[in-house]
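When you line the sequence shown up against this note's numbering, it's residues 80 to 352, in that order.
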Amino acid sequence: MSAAAALAVATPLVACSTAGASTTQGAAASTTAAASTGVTLPPAHAGFDYQIGGAYKPPAGVKVVSRDHSASPAAGLYNICYVNAFQAQEGAEGDWDSDLLLRDANGKVVYDDGWDEAVLDIRTAAKRERIAAKVDGWIDSCASKGFQAVEPDNFDTFTRFPELLTSNEAEAFIKLLSDHAHAKGLAIAQKNTSELAGDHAGNGLDFAIAEECGRYDECGVYTSAYGDHVIAIEYTAAGLRKTCSGYGDRISVVRRDVDVSPIGSDGYLRQTC
(Lines of atoms letter the chains of each structure in order from A; the text may use other names.)
(Lines give C-alpha, C1' and ligand atoms only; values in the text may rest on other atoms or scores of the structure.)
Protein backbone atom coordinates (compact mmCIF):
# COMPACT_ATOMS: atom_id res chain seq x y z
CA MET A 80 0.00 0.00 0.00
CA SER A 81 1.07 3.59 -0.56
CA ALA A 82 2.04 5.67 2.44
CA ALA A 83 -0.70 7.73 4.05
CA ALA A 84 -0.22 11.45 4.03
CA ALA A 85 -1.88 12.13 7.36
CA LEU A 86 -0.07 12.16 10.71
CA ALA A 87 -1.46 10.74 13.93
CA VAL A 88 -4.87 12.21 14.64
CA ALA A 89 -7.39 11.64 17.41
CA THR A 90 -10.95 10.86 16.46
CA PRO A 91 -12.70 14.19 15.81
CA LEU A 92 -16.33 14.09 14.83
CA VAL A 93 -17.83 15.13 11.51
CA ALA A 94 -21.39 16.37 11.45
CA CYS A 95 -24.04 14.03 10.09
CA SER A 96 -27.34 14.91 8.52
CA THR A 97 -30.48 12.85 8.10
CA ALA A 98 -30.40 13.07 4.30
CA GLY A 99 -31.22 9.88 2.41
CA ALA A 100 -34.29 7.76 3.04
CA SER A 101 -33.83 4.17 4.13
CA THR A 102 -34.08 1.62 1.34
CA THR A 103 -36.36 -0.85 3.05
CA GLN A 104 -36.42 -3.26 0.12
CA GLY A 105 -32.63 -3.67 0.24
CA ALA A 106 -32.65 -4.05 4.01
CA ALA A 107 -35.38 -6.66 3.87
CA ALA A 108 -33.55 -8.60 1.17
CA SER A 109 -30.32 -8.67 3.17
CA THR A 110 -32.10 -9.72 6.35
CA THR A 111 -34.06 -12.42 4.56
CA ALA A 112 -30.91 -13.77 2.89
CA ALA A 113 -29.08 -13.85 6.21
CA ALA A 114 -31.96 -15.67 7.87
CA SER A 115 -32.04 -18.28 5.10
CA THR A 116 -28.35 -19.08 5.61
CA GLY A 117 -28.43 -18.91 9.40
CA VAL A 118 -25.75 -16.22 9.63
CA THR A 119 -25.74 -13.03 11.69
CA LEU A 120 -25.21 -9.70 9.97
CA PRO A 121 -23.14 -6.95 11.57
CA PRO A 122 -25.36 -4.43 13.36
CA ALA A 123 -26.37 -1.57 11.08
CA HIS A 124 -25.15 1.96 11.81
CA ALA A 125 -22.74 0.71 14.47
CA GLY A 126 -19.35 2.11 15.41
CA PHE A 127 -16.79 0.51 13.10
CA ASP A 128 -13.00 0.25 13.01
CA TYR A 129 -10.94 -0.99 10.07
CA GLN A 130 -7.89 -2.78 11.46
CA ILE A 131 -6.64 -4.83 8.52
CA GLY A 132 -3.23 -3.15 8.76
CA GLY A 133 -2.71 -4.37 12.32
CA ALA A 134 -4.88 -5.18 15.31
CA TYR A 135 -5.15 -2.90 18.36
CA LYS A 136 -7.61 -2.18 21.16
CA PRO A 137 -10.75 -0.80 19.51
CA PRO A 138 -11.60 2.81 20.38
CA ALA A 139 -14.58 3.57 22.60
CA GLY A 140 -17.91 3.19 20.83
CA VAL A 141 -16.72 0.60 18.32
CA LYS A 142 -19.07 -2.38 17.97
CA VAL A 143 -17.77 -3.88 14.71
CA VAL A 144 -14.15 -4.44 13.68
CA SER A 145 -12.47 -5.94 10.61
CA ARG A 146 -9.09 -7.64 11.06
CA ASP A 147 -6.79 -9.75 8.91
CA HIS A 148 -7.33 -13.50 9.03
CA SER A 149 -3.95 -13.90 10.72
CA ALA A 150 -5.18 -11.87 13.72
CA SER A 151 -7.53 -12.82 16.54
CA PRO A 152 -11.01 -11.31 16.90
CA ALA A 153 -11.70 -8.51 19.39
CA ALA A 154 -13.48 -9.81 22.47
CA GLY A 155 -17.13 -8.84 22.82
CA LEU A 156 -17.46 -7.24 19.37
CA TYR A 157 -18.78 -8.29 15.96
CA ASN A 158 -15.65 -9.36 14.07
CA ILE A 159 -15.13 -9.46 10.30
CA CYS A 160 -12.22 -11.50 8.93
CA TYR A 161 -10.26 -10.02 6.01
CA VAL A 162 -8.87 -12.30 3.29
CA ASN A 163 -7.22 -11.26 0.02
CA ALA A 164 -9.16 -13.59 -2.23
CA PHE A 165 -8.52 -12.44 -5.80
CA GLN A 166 -4.88 -11.39 -5.53
CA ALA A 167 -1.79 -12.65 -3.71
CA GLN A 168 -0.51 -10.49 -0.89
CA GLU A 169 2.53 -8.41 -1.78
CA GLY A 170 5.55 -10.70 -1.92
CA ALA A 171 3.44 -13.85 -1.43
CA GLU A 172 3.46 -15.14 -5.01
CA GLY A 173 5.48 -18.14 -3.88
CA ASP A 174 2.61 -19.27 -1.66
CA TRP A 175 0.59 -20.08 -4.78
CA ASP A 176 1.07 -22.69 -7.48
CA SER A 177 2.69 -20.97 -10.44
CA ASP A 178 -0.16 -21.78 -12.82
CA LEU A 179 -2.65 -20.04 -10.53
CA LEU A 180 -1.01 -16.67 -11.12
CA LEU A 181 -2.58 -14.72 -13.98
CA ARG A 182 -0.23 -14.21 -16.92
CA ASP A 183 -0.31 -11.86 -19.90
CA ALA A 184 0.15 -12.78 -23.56
CA ASN A 185 3.91 -12.87 -23.03
CA GLY A 186 3.67 -15.29 -20.12
CA LYS A 187 4.55 -12.67 -17.51
CA VAL A 188 2.74 -12.60 -14.17
CA VAL A 189 0.17 -9.79 -14.05
CA TYR A 190 0.46 -7.41 -11.11
CA ASP A 191 -1.96 -4.91 -9.65
CA ASP A 192 0.52 -2.04 -9.64
CA GLY A 193 -1.47 -0.10 -7.08
CA TRP A 194 -0.52 -2.63 -4.40
CA ASP A 195 2.23 -4.67 -6.11
CA GLU A 196 0.10 -7.79 -5.78
CA ALA A 197 0.10 -10.67 -8.25
CA VAL A 198 -3.36 -11.33 -9.69
CA LEU A 199 -4.86 -14.81 -9.38
CA ASP A 200 -6.12 -16.64 -12.46
CA ILE A 201 -9.85 -17.30 -12.00
CA ARG A 202 -10.57 -17.84 -15.69
CA THR A 203 -11.44 -21.56 -15.53
CA ALA A 204 -13.66 -23.54 -13.19
CA ALA A 205 -10.77 -25.86 -12.30
CA LYS A 206 -8.52 -22.99 -11.28
CA ARG A 207 -11.31 -21.28 -9.36
CA GLU A 208 -11.82 -24.46 -7.38
CA ARG A 209 -8.11 -24.69 -6.53
CA ILE A 210 -7.85 -21.03 -5.53
CA ALA A 211 -11.03 -21.31 -3.48
CA ALA A 212 -9.62 -24.32 -1.64
CA LYS A 213 -6.76 -22.18 -0.32
CA VAL A 214 -8.98 -19.22 0.55
CA ASP A 215 -11.45 -21.61 2.18
CA GLY A 216 -8.65 -22.70 4.50
CA TRP A 217 -8.36 -19.10 5.69
CA ILE A 218 -12.14 -18.91 6.07
CA ASP A 219 -12.04 -22.07 8.18
CA SER A 220 -9.45 -20.40 10.41
CA CYS A 221 -11.64 -17.31 10.69
CA ALA A 222 -14.55 -19.46 11.84
CA SER A 223 -12.49 -21.45 14.33
CA LYS A 224 -11.13 -18.25 15.87
CA GLY A 225 -14.62 -16.88 16.46
CA PHE A 226 -15.09 -14.31 13.68
CA GLN A 227 -18.69 -13.77 12.61
CA ALA A 228 -18.11 -12.71 9.00
CA VAL A 229 -15.55 -12.74 6.21
CA GLU A 230 -14.44 -9.94 3.88
CA PRO A 231 -12.96 -11.28 0.60
CA ASP A 232 -10.99 -8.44 -0.97
CA ASN A 233 -10.42 -7.50 -4.61
CA PHE A 234 -13.73 -8.75 -5.99
CA ASP A 235 -13.25 -5.85 -8.44
CA THR A 236 -9.88 -7.01 -9.85
CA PHE A 237 -11.58 -7.76 -13.18
CA THR A 238 -12.34 -4.05 -13.63
CA ARG A 239 -8.61 -3.29 -13.68
CA PHE A 240 -7.78 -6.05 -16.17
CA PRO A 241 -10.78 -6.18 -18.52
CA GLU A 242 -8.70 -7.64 -21.34
CA LEU A 243 -7.97 -10.72 -19.19
CA LEU A 244 -10.78 -11.16 -16.65
CA THR A 245 -14.57 -10.89 -16.72
CA SER A 246 -17.28 -10.10 -14.20
CA ASN A 247 -18.81 -13.53 -14.81
CA GLU A 248 -15.58 -15.18 -13.69
CA ALA A 249 -15.44 -13.00 -10.58
CA GLU A 250 -19.03 -13.84 -9.69
CA ALA A 251 -18.48 -17.55 -10.25
CA PHE A 252 -15.54 -17.41 -7.86
CA ILE A 253 -17.26 -15.34 -5.15
CA LYS A 254 -20.14 -17.85 -5.16
CA LEU A 255 -17.70 -20.59 -4.18
CA LEU A 256 -16.51 -18.48 -1.26
CA SER A 257 -20.00 -17.46 -0.12
CA ASP A 258 -21.19 -21.07 -0.13
CA HIS A 259 -18.22 -22.09 2.00
CA ALA A 260 -18.54 -19.13 4.37
CA HIS A 261 -22.21 -19.85 4.95
CA ALA A 262 -21.46 -23.52 5.56
CA LYS A 263 -19.11 -22.36 8.32
CA GLY A 264 -21.76 -20.06 9.82
CA LEU A 265 -20.12 -16.85 8.62
CA ALA A 266 -21.76 -13.91 6.89
CA ILE A 267 -19.86 -12.68 3.83
CA ALA A 268 -19.37 -9.14 2.61
CA GLN A 269 -19.35 -7.70 -0.85
CA LYS A 270 -16.15 -5.64 -0.96
CA ASN A 271 -16.49 -2.65 -3.32
CA THR A 272 -17.52 -3.56 -6.92
CA SER A 273 -20.63 -1.38 -7.00
CA GLU A 274 -21.46 -2.50 -10.54
CA LEU A 275 -22.29 -5.98 -9.20
CA ALA A 276 -24.25 -4.90 -6.12
CA GLY A 277 -27.52 -5.76 -7.85
CA ASP A 278 -26.37 -9.37 -8.16
CA HIS A 279 -25.72 -9.78 -4.43
CA ALA A 280 -28.51 -12.28 -3.79
CA GLY A 281 -27.38 -14.62 -6.56
CA ASN A 282 -23.78 -14.26 -5.42
CA GLY A 283 -24.71 -15.15 -1.84
CA LEU A 284 -23.41 -11.87 -0.37
CA ASP A 285 -24.95 -10.56 2.84
CA PHE A 286 -23.73 -7.00 3.41
CA ALA A 287 -21.35 -4.49 1.83
CA ILE A 288 -18.00 -2.97 2.77
CA ALA A 289 -17.48 0.00 0.48
CA GLU A 290 -14.27 2.00 0.24
CA GLU A 291 -14.76 5.66 -0.74
CA CYS A 292 -18.38 5.28 -1.77
CA GLY A 293 -18.93 8.90 -0.75
CA ARG A 294 -16.03 10.18 -2.77
CA TYR A 295 -17.23 8.34 -5.87
CA ASP A 296 -21.00 8.79 -5.36
CA GLU A 297 -21.62 5.06 -4.91
CA CYS A 298 -23.08 4.81 -1.41
CA GLY A 299 -26.62 4.85 -2.78
CA VAL A 300 -25.86 1.89 -5.02
CA TYR A 301 -24.90 -0.18 -2.00
CA THR A 302 -27.82 0.93 0.17
CA SER A 303 -30.23 0.17 -2.68
CA ALA A 304 -28.96 -3.41 -2.61
CA TYR A 305 -28.21 -3.92 1.09
CA GLY A 306 -30.35 -1.36 2.89
CA ASP A 307 -28.52 -0.07 5.97
CA HIS A 308 -26.21 -3.09 6.09
CA VAL A 309 -23.35 -1.12 4.56
CA ILE A 310 -19.98 -0.21 6.06
CA ALA A 311 -18.34 2.80 4.42
CA ILE A 312 -14.62 3.52 4.67
CA GLU A 313 -13.31 6.86 3.47
CA TYR A 314 -9.69 7.96 3.11
CA THR A 315 -10.16 11.70 2.58
CA ALA A 316 -11.71 14.48 4.64
CA ALA A 317 -14.01 15.44 1.77
CA GLY A 318 -15.15 11.85 1.32
CA LEU A 319 -15.94 11.54 5.02
CA ARG A 320 -17.94 14.78 5.04
CA LYS A 321 -19.96 13.68 2.02
CA THR A 322 -20.70 10.20 3.36
CA CYS A 323 -21.61 11.50 6.80
CA SER A 324 -23.86 14.17 5.32
CA GLY A 325 -25.79 11.77 3.11
CA TYR A 326 -25.67 8.47 5.02
CA GLY A 327 -24.14 9.02 8.45
CA ASP A 328 -27.45 8.47 10.24
CA ARG A 329 -28.00 5.09 8.53
CA ILE A 330 -24.81 3.17 7.92
CA SER A 331 -21.44 2.61 9.60
CA VAL A 332 -18.89 5.22 8.48
CA VAL A 333 -15.21 5.64 9.31
CA ARG A 334 -12.25 7.47 7.85
CA ARG A 335 -8.90 5.69 8.06
CA ASP A 336 -5.41 6.42 6.79
CA VAL A 337 -4.65 4.66 3.50
CA ASP A 338 -2.28 2.21 5.18
CA VAL A 339 -4.91 1.43 7.86
CA SER A 340 -2.06 1.72 10.36
CA PRO A 341 -2.34 0.48 13.95
CA ILE A 342 -2.90 3.12 16.60
CA GLY A 343 0.39 4.61 17.75
CA SER A 344 2.00 4.21 14.33
CA ASP A 345 3.16 7.07 12.15
CA GLY A 346 0.32 7.95 9.82
CA TYR A 347 -2.47 6.56 12.02
CA LEU A 348 -5.74 8.37 11.45
CA ARG A 349 -9.28 7.53 12.43
CA GLN A 350 -12.33 9.78 12.24
CA THR A 351 -16.05 9.14 12.36
CA CYS A 352 -19.31 11.00 11.81
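All residues carry an ideal CB built from backbone N, CA and C; glycine is no exception.
If you keep only unbroken beta strand (DSSP E) runs of at least 3 residues inside the segment 133–221, you get 141–147, 157–163. Secondary structure at E248: helix, using DSSP grouped into helix, strand and coil. Following the DSSP letters along the chain, one finds F226 in no alpha helix (DSSP H), marked with neither H nor E. Under the 8 Å Cβ criterion, the segment 330–339 counts as touching the segment 301–320, having at least three qualifying pairs. Here the C-alpha atom of L244 lies approximately 11 Å from the C-alpha atom of V189.
Burial is judged here by how many other beta carbons sit within 10 angstroms of a residue's own beta carbon; G293 has at least 16 and is buried.
For a cut-off of 8 Å, the C-beta gap from A251 to F234 is around 12 Å, too long to register as a contact.
The beta carbon of Q166 is closer than 7 Å to those of D191, E196, A197, V198, L199, N233, T236 in its chain, skipping five residues each way along the sequence. Secondary structure at F237: helix, using DSSP grouped into helix, strand and coil. For A304, the secondary structure class from DSSP, reduced to helix, strand or coil, is helix.
As computed with DSSP, A260 is found in no beta bridge at all.
In the pairwise beta carbon analysis, the segment 335–349 is classified as touching the segment 123–132: at least three pairs are separated by under 8 Å. Residue range 266–270 is occupied by the beta strand (DSSP E) that includes A266.
Looking at the DSSP output, I288 sits in a beta bridge with K270, I310. CA-to-CA, the gap between N247 and A280 works out to about 15 Å.
Contact check for K142 and A125: beta-carbon distance about 4 Å, within the 8 Å limit, so the pair qualifies. The residue from A287, D345, C298, G283 with its alpha-carbon nearest to that of G117 is G283. For T351, there is no enclosing alpha helix (DSSP H); the residue is found in the beta strand (DSSP E) stretching over 349–351. For Y326, there is no enclosing beta strand (DSSP E); the residue is found in the alpha helix (DSSP H) stretching over 316–326.
Each of G225, L256, Y161 was checked against the Cα of R207, and the nearest Cα belongs to L256. Here P241 is exposed, its C-beta having fewer than 16 other C-beta atoms within 10 Å. Relative to the Cα of P341, the nearest Cα in the group D178, L120, S145 belongs to S145.
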